[in-house]
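Asker:
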Amino acid sequence: MEWKPSEQEEEYFARLEFERKKKQEEEKHAKLAADEKKRLRDLHYMHCPKCGMELIEIDYKGVKVDKCSECDGIWLDAGELESISKLEKSSLDKLFSVFRK
Numbered sequence: 009m010e011w012k013p014s015e016q017e018e019e020y021f022a023r024l025e026f027e028r029k030k031k032q033e034e035e036k037h038a039k040l041a042a043d044e045k046k047r048l049r050d051l052h053y054m055h056c057p058k059c060g061m062e063l064i065e066i067d068y069k070g071v072k073v074d075k076c077s078e079c080d081g082i083w084l085d086a087g088e089l090e091s092i093s094k095l096e097k098s099s100l101d102k103l104f105s106v107f108r109k
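Each residue of the sequence shown is one higher than the one before, starting from 9 at the first, in my numbering.
#1: Report yes or no: do three or more beta-carbon pairs, one from the stretch 78-87 and one from the stretch 42-62, lie closer than 8 Å?
#2: Under three-state DSSP, which class holds Tyr20?
#3: So, helix, strand or coil for Lys31, using DSSP?
#4: Go through its chain and collect everything with a Cβ distance to Leu95's Cβ below 6 Å, but skip five positions before and after it.
#5: In three-state DSSP terms, what is Asp74?
#6: With Asp80 as the anchor, note down where its beta strand (DSSP E) starts and where it stops.
#7: From the DSSP output, which residues share a beta bridge with Tyr68?
#8: In whole angstroms, what is the alpha-carbon distance linking Lys46 and Ala38?
#9: Could you tell me the alpha carbon to alpha carbon distance between Lys36 and Phe26, rounded to whole angstroms?
#10: Out of curiosity, what's the CA-to-CA distance linking Asp85 and Leu24?
The following block contains the structure:
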């Protein structure tokens with residue numbers, strides 16, 4: 009007599025197989041997303057968002073800012089604007105103190 013799994017056993021193994029395939033697909037999509045992110049970063053890293061030319065890192069009062077080699081645009085990374093504004097605040101305060109009584 010041939011052994012036949014019960015309906016619950018069939019459902020259990022079908023669910024296990026589904027979960028295994030689902031996990032494989034999720035891993036595949038995560039790897040593709042990571043590869044695409046790396047490809048885009050390599051394509052755009054240190055290129056001007058305006059004209060696409062190369063950005064050159066320059067030092068502005070101790071803060072590294074990116075300047076376009078073509079259009080002379082200045083691009084700031086996260087936190088750099090705050091750093092520059094703190095540096096410039098003291099210079100502006102000195103300038104405005106001339107006009108105060």
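Idealized CB from N, CA, C, for every residue including glycine.
Answerer: Working from what's here:
#1: In short, these stretches touch, since the Cβ pair count reaches three.
#2: Counting from one through the sequence shown, the residue named residue 20 turns up at place 12. The DSSP-derived three-state label of Tyr20 is helix.
#3: Here residue 31 refers to the residue found at position 23 of the sequence shown. Reduced to three states, the DSSP call for Lys31 is helix.
#4: Your numbering for residue 95 matches position 87 in the sequence shown. The residues are Lys69.
#5: Looking up residue 74 in the sequence shown gives position 66. Asp74: strand per DSSP, three-state reduction.
#6: In the sequence shown, the residue the question calls residue 80 occupies position 72. Counting along the chain, no beta strand (DSSP E) covers Asp80, and no H or E run does either.
#7: Working through the sequence shown from its first residue, we reach residue 68 at position 60. Partner(s): Val71.
#8: Mapped onto the sequence shown, residue 46 falls at position 38. Mapped onto the sequence shown, residue 38 falls at position 30. Computed Cα separation, rounded: 12 Å.
#9: In the sequence shown, the residue the question calls residue 36 occupies position 28. In the sequence shown, the residue the question calls residue 26 occupies position 18. About 15 Å.
#10: As a working mapping, residue 85 is identified with position 77 in the sequence shown. As a working mapping, residue 24 is identified with position 16 in the sequence shown. Approximately 47 Å between the Cα atoms of the pair.
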